[in-house]
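Undergrad: Chains as they are written, first to last, in the working numbering: chain A, 11 to 330; chain P, 11 to 330. Just dropping this structure here.
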């Protein structure tokens with residue numbers, strides 16, 4: 011099992027490279043939920059999401075031999091960009107396998123951070139096959155987005171920093187997708203504040219963690235039609251084992267609750283978060299857990315959202 | 011003339027009520043302009059803009075007799091909301107005269123902060139007449155948005171905090187509309203860092219400060235068609251006198267440069283700023299002033315922008 015001490019070690023390893031993201035508070039939010047809420051703003055992390063912590067921690071722990079060969083992943087979201095940027099910083103080659111129907115903006119962002127992008131057919135089978143073939147040919151180290159202890163240790167450093175800065179907390183709300191962030195958050199929280207409760211928040215439309223938590227075994231969803239695109243992934247055995255032990259409750263939020271929480275963050279707190287990043291606050295605002303008079307930590311996991319459509323509206327206002 | 015000492019006094023007066031807004035930095039921004047840039051994020055101020063500083067400072071300095079009667083303004087932007095919130099905090103009545111064609115969202119926001127809204131015809135004459143009549147009837151104290159020393163002293167506390175936190179600066183970029191923020195910024199900057207240059211940034215489409223600075227007298231624009239709606243106002247003699255003495259250069263930015271700077275702040279720095287709030291960064295990015303290897307302060311003045319249209323797009327993604 012991963013320990014608090016290992017998260018502390020990871021923090022020492024990465025803290026001069028990743029951002030110590032701000033902890034933000036809002037009088038309006040505190041008044042609304044009658045609690046003291048501390049938002050850990052991982053949208054201000056390098057490349058825009060907490061994924062940077064785990065990716066940098068993982069690559070920096072590879073052997074020199076593995077570093078010389080390079081790393082590979084077939085995620086196409088924030089993990090790919092985090093891996094690309096971390097690899098560049100460490101002088102390691104990064105390869106990202108993406109389906110050929112990926113939005114050009116994602117391909118460009120990943121290339122922008124210095125990764126080699128290999129396009130494949132838009133099926134999971136093709137992604138895995140393409141990845142395996144490249145690993146066989148070049149000896150790349152596969153860095154899974156969450157089924158990896160060093161990823162989890164790195165992810166846990168966000169809650170670690172939050173609690174070190176905000177002090178003792180009663181509750182910590184954290185989004186859950188594949189469970190890497192939640193695993194790290196739960197270990198850091200229980201380690202630093204044994205009495206604190208860890209609340210996982212999941213989109214109702216991608217409720218595999220909720221079902222798994224109830225059933226006691228990993229349950230996989232076939233469809234995951236949620237706007238919180240970073241949370242469509244399923245748990246793995248590694249993260250589920252940690253979550254079962256450390257998480258107190260898994261709650262579900264609707265798509266509307268996610269959008270409303272995101273809107274609150276943008277309008278009232280002036281923070282650009284992506285839908286997945288607003289899910290934890292949606293959990294707080296949903297009222298399913300009593301927060302009154304408590305000290306509440308909330309992990310806002312990232313801020314990478316396509317603003318093209320919004321800026322088309324802005325552009326129209328000034329003409330040309 | 012307003013002194014640094016008076017800004018320090020204002021800061022002591024307001025600091026427990028207004029937010030000490032964060033100073034944010036960005037590796038991407040620093041790399042792009044090859045400088046160390048410190049953004050003073052007044053979008054995170056209470057009610058969303060620096061206006062809170064001057065409004066709270068001004069009302070708290072009124073005599074008990076004036077406080078008992080109440081305050082009035084006929085601005086309908088951030089100043090009105092700042093006045094309303096400050097008055098509520100201090101237990102003072104606030105009246106805001108607004109044209110009856112004002113967007114309902116602005117009327118609601120001002121009422122939401124506890125002000126009484128009086129609607130008038132949508133002409134400057136009607137606004138002034140309505141305001142004068144109410145002052146004659148009720149003895150309200152008129153709080154002008156910038157032609158007021160206590161407003162300027164309060165506004166200066168943003169740059170004061172910035173320099174106290176970031177340390178010695180070589181350049182400070184500040185937007186200019188009526189000149190209240192610029193006046194306060196320039197006094198604080200020259201007081202704390204006598205060698206620093208103060209650069210005023212103005213939309214090309216509302217270039218009265220630029221023209222006034224060149225001409226040596228207050229020049230008024232007839233049309234001010236800029237997306238930076240907070241900067242459409244003209245200088246007054248009070249602010250012009252301060253600006254002539256303390257500001258080193260006034261530069262102009264195009265509408266496209268304003269939108270591009272705003273997009274950079276949203277996409278790369280994850281900060282919601284309004285167009286007026288992005289004008290100072292547009293000045294930095296425009297390359298008109300050499301910033302290389304310098305320590306550069308940038309006042310991001312506010313973040314109040316109507317997000318309705320954007321969230322209609324988001325809402326459409328989840329249906330209903």
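Ideal Cβ placement from N, Cα and C applies to all residues, glycine included.
Residue 134/P and residue 145/P - do their beta-carbons sit closer together than 8 Å?
TA: As a working note, residue 145/P is residue 135 in the second chain. As a working note, residue 134/P is residue 124 in the second chain. Cβ atoms of residue 145/P and residue 134/P: not closer than 8 Å.
Undergrad: For residue 317/A, name the three-state secondary structure that DSSP assigns.
TA: Here residue 317/A corresponds to residue number 307 of the first chain, with the count starting at 1. Here residue 317/A sits in coil by DSSP.
Undergrad: Please determine if the segment 208-215 of chain A and the segment 261-268 of chain A are in contact, where contact requires at least 3 C-beta pairs separated by less than 8 Å.
TA: Short answer: they touch.
Undergrad: I need the straight-line Cα distance from residue 305/P to residue 28/P, nearest angstrom please.
TA: One-based indexing of the second chain puts residue 305/P at position 295. One-based indexing of the second chain puts residue 28/P at position 18. Using only the alpha carbons, I get a separation of about 26 Å.
Undergrad: Mapping DSSP to helix, strand and coil, what is residue 348/P?
TA: Outside the displayed range of chain P (11 to 330) lies residue 348/P, so it cannot be described from this structure.
Undergrad: Rounded to whole angstroms, what's the CA-CA distance from residue 226/P to residue 122/P? Just pull it up for me.
TA: Taking the first residue of the second chain as 1, we reach residue 226/P at position 216. Taking the first residue of the second chain as 1, we reach residue 122/P at position 112. Cα-Cα distance, rounded: 42 Å.
Undergrad: List the DSSP bridge partners of residue 212/A.
TA: On the first chain, residue 212/A is found 202 positions in, with the first residue counted as 1. 262/A, per the DSSP bridge assignment.
Undergrad: Measuring only between beta-carbons, confirm whether residue 317/P sits less than 8 Å from chain A.
TA: The residue given as residue 317/P occupies position 307 in the second chain. Yes, its Cβ sits closer than 8 Å to a Cβ of chain A.
Undergrad: Below 8 Å on the Cβ atoms is my guess for residue 34/P versus residue 281/P; work out the distance and round it to an integer in Å.
TA: Residue mapping note: residue 34/P aligns to position 24 of the second chain, counting from 1. Residue mapping note: residue 281/P aligns to position 271 of the second chain, counting from 1. Between residue 281/P and residue 34/P the Cβ distance is about 7 Å, and since that is below 8 Å, they are a contact.
Undergrad: What are the boundary residues of the alpha helix (DSSP H) that residue 205/P is part of?
TA: Position 195 of the second chain, counted from the first residue, corresponds to residue 205/P. Note, residue 205/P: premise wrong, no alpha helix (DSSP H); not H, not E.
Undergrad: I think residue 240/A touches residue 187/A, with their Cβ atoms under 8 Å apart; what is that distance to the nearest whole Å?
TA: By one-based count along the first chain, residue 240/A stands at place 230. By one-based count along the first chain, residue 187/A stands at place 177. Indeed, because the Cβ distance is near 6 Å, the residues count as touching under 8 Å.
Undergrad: Can we count residue 176/P as close to the ligand ADP, meaning its CB is less than 7 Å from some heavy atom?
TA: Looking at this structure, you won't find the ligand ADP or any other ligand, since it has none at all.
Undergrad: I need the DSSP call for residue 327/A, collapsed to helix, strand or coil.
TA: Taking the first residue of the first chain as position 1, residue 327/A is located at position 317. Three-state DSSP puts residue 327/A in a helix.
Undergrad: My output table needs one value for residue 283/P: the three-state DSSP class, helix, strand or coil.
TA: Counting from 1 along the second chain, the entry for residue 283/P is found at position 273. Coil at residue 283/P, not helix or strand.
Undergrad: Between residue 311/P and residue 48/P, which are expected to be in contact by the criterion C-beta below 8 Å, what is the C-beta distance as a whole number of angstroms?
TA: For this step, residue 311/P is matched to residue 301 along the second chain. For this step, residue 48/P is matched to residue 38 along the second chain. Not really, about 15 Å apart at Cβ, beyond 8 Å.
Undergrad: Are the C-beta of residue 58/A and some C-beta of chain P separated by less than 8 Å?
TA: Taking the first residue of the first chain as 1, we reach residue 58/A at position 48. At least one chain P Cβ lies under 8 Å of residue 58/A.
Undergrad: Check whether the Cβ of residue 54/A lies closer than 8 Å to any Cβ atom in chain P.
TA: By one-based count along the first chain, residue 54/A stands at place 44. Yes, because at least one Cβ of chain P sits closer than 8 Å to the Cβ of residue 54/A.
Undergrad: 8 Å is my cut-off, CB to CB: does residue 313/A come that close to chain P?
TA: Counting from one through the first chain, the residue named residue 313/A turns up at place 303. So, interface residue.
Undergrad: Starting from residue 147/P, find everything on chain A with Cβ-Cβ shorter than 9 Å and list it in chain order.
TA: As a first step, residue 147/P must be located in the second chain, where it is residue number 137. Those do not exist, as residue 147/P stays about 34 Å from chain A at its closest Cβ, beyond 9 Å.
Undergrad: Does any residue of chain P bring its CB to less than 8 Å from the CB of residue 128/A?
TA: Along the first chain, one-based indexing puts residue 128/A at 118. Taking Cβ atoms only, chain P never reaches closer than 8 Å to residue 128/A, which makes this a no.
Undergrad: With a Cβ-Cβ cutoff of 8 Å, do residue 320/A and residue 320/P count as a contact?
TA: If you number the first chain from 1, residue 320/A lands on position 310. If you number the second chain from 1, residue 320/P lands on position 310. Yes.
Undergrad: For residue 26/A and residue 202/P, I'd like the C-alpha separation in whole angstroms.
TA: For this step, residue 26/A is matched to residue 16 along the first chain. For this step, residue 202/P is matched to residue 192 along the second chain. Using only the alpha carbons, I get a separation of about 31 Å.
Undergrad: So residue 50/A is in the beta strand (DSSP E); what residue range does that whole segment cover?
TA: Working through the first chain from its first residue, we reach residue 50/A at position 40. It spans 46-51 - the beta strand (DSSP E) in which residue 50/A sits, taken as one unbroken run.
Undergrad: Going by DSSP, name the residue or residues bridged to residue 187/P.
TA: Looking up residue 187/P in the second chain gives position 177. According to DSSP, residue 187/P bridges with nothing at all.
Undergrad: With 8 Å as the threshold, decide whether the Cβ of residue 241/A is near any Cβ in chain P.
TA: In the first chain, the residue the question calls residue 241/A occupies position 231. For residue 241/A, the answer is no, since every Cβ of chain P falls outside 8 Å of its Cβ.
Undergrad: Provide the residue span of the alpha helix (DSSP H) that contains residue 98/P, from first to last.
TA: Here residue 98/P is taken as the residue at index 88 of the second chain, counted from 1. Here the alpha helix (DSSP H) through residue 98/P covers 88-99.
Undergrad: So which residues of chain A does residue 267/P contact, with C-beta pairs closer than 7 Å?
TA: As a first step, residue 267/P must be located in the second chain, where it is residue number 257. Within chain A, no residue comes near residue 267/P; the closest Cβ sits about 10 Å away, beyond 7 Å.
Undergrad: Taking only beta-carbon positions, decide if residue 114/A is within less than 8 Å of chain P.
TA: What you label residue 114/A is simply residue 104 of the first chain in a count that begins at 1. No - not a single Cβ of chain P is within 8 Å of the one on residue 114/A.
Undergrad: With DSSP run on the structure shown, which of helix, strand or coil describes residue 277/P?
TA: One-based indexing of the second chain puts residue 277/P at position 267. In this structure, residue 277/P counts as helix in the three-state DSSP scheme.
Undergrad: Would you mind working out which of 156/P, 11/P, 38/P sits nearest residue 3/P, comparing C-alpha positions?
TA: Only positions 11 to 330 of chain P appear in this structure, which leaves residue 3/P out of reach.
Undergrad: Where does residue 80/A sit, in a helix, a strand or coil, going by DSSP?
TA: Along the first chain, one-based indexing puts residue 80/A at 70. Coil.
Undergrad: On the DSSP letters alone, give me the boundaries of the alpha helix (DSSP H) that residue 173/A sits inside.
TA: The count along the first chain starts at 1 and reaches residue 173/A at position 163. Residue 173/A -> alpha helix (DSSP H) spans 159-176.
Undergrad: Can you tell me where the alpha helix (DSSP H) with residue 14/A in it begins and where it stops?
TA: Here residue 14/A corresponds to residue number 4 of the first chain, with the count starting at 1. Residues 14-24.
Undergrad: Just the Cα atoms here: how many angstroms apart are residue 141/A and residue 168/A?
TA: As a first step, residue 141/A is located in the first chain; it is residue number 131 there, counting from the start. As a first step, residue 168/A is located in the first chain; it is residue number 158 there, counting from the start. Whole-angstrom Cα-Cα distance: 30 Å.
Undergrad: Excluding five sequence neighbours on each side, which residues of the same chain lie with their C-beta closer than 6 Å to the C-beta of residue 275/A?
TA: Start at 1 with the first residue of the first chain, and residue 275/A comes out as number 265. Only 281, 283, 288 meet the Cβ criterion.
Undergrad: How many angstroms separate the CA atom of residue 18/P from the CA atom of residue 251/A?
TA: Within the second chain, residue 18/P is the residue found at index 8, counting from 1. Within the first chain, residue 251/A is the residue found at index 241, counting from 1. In a straight line, the C-alpha of residue 18/P is about 56 Å away from that of residue 251/A.
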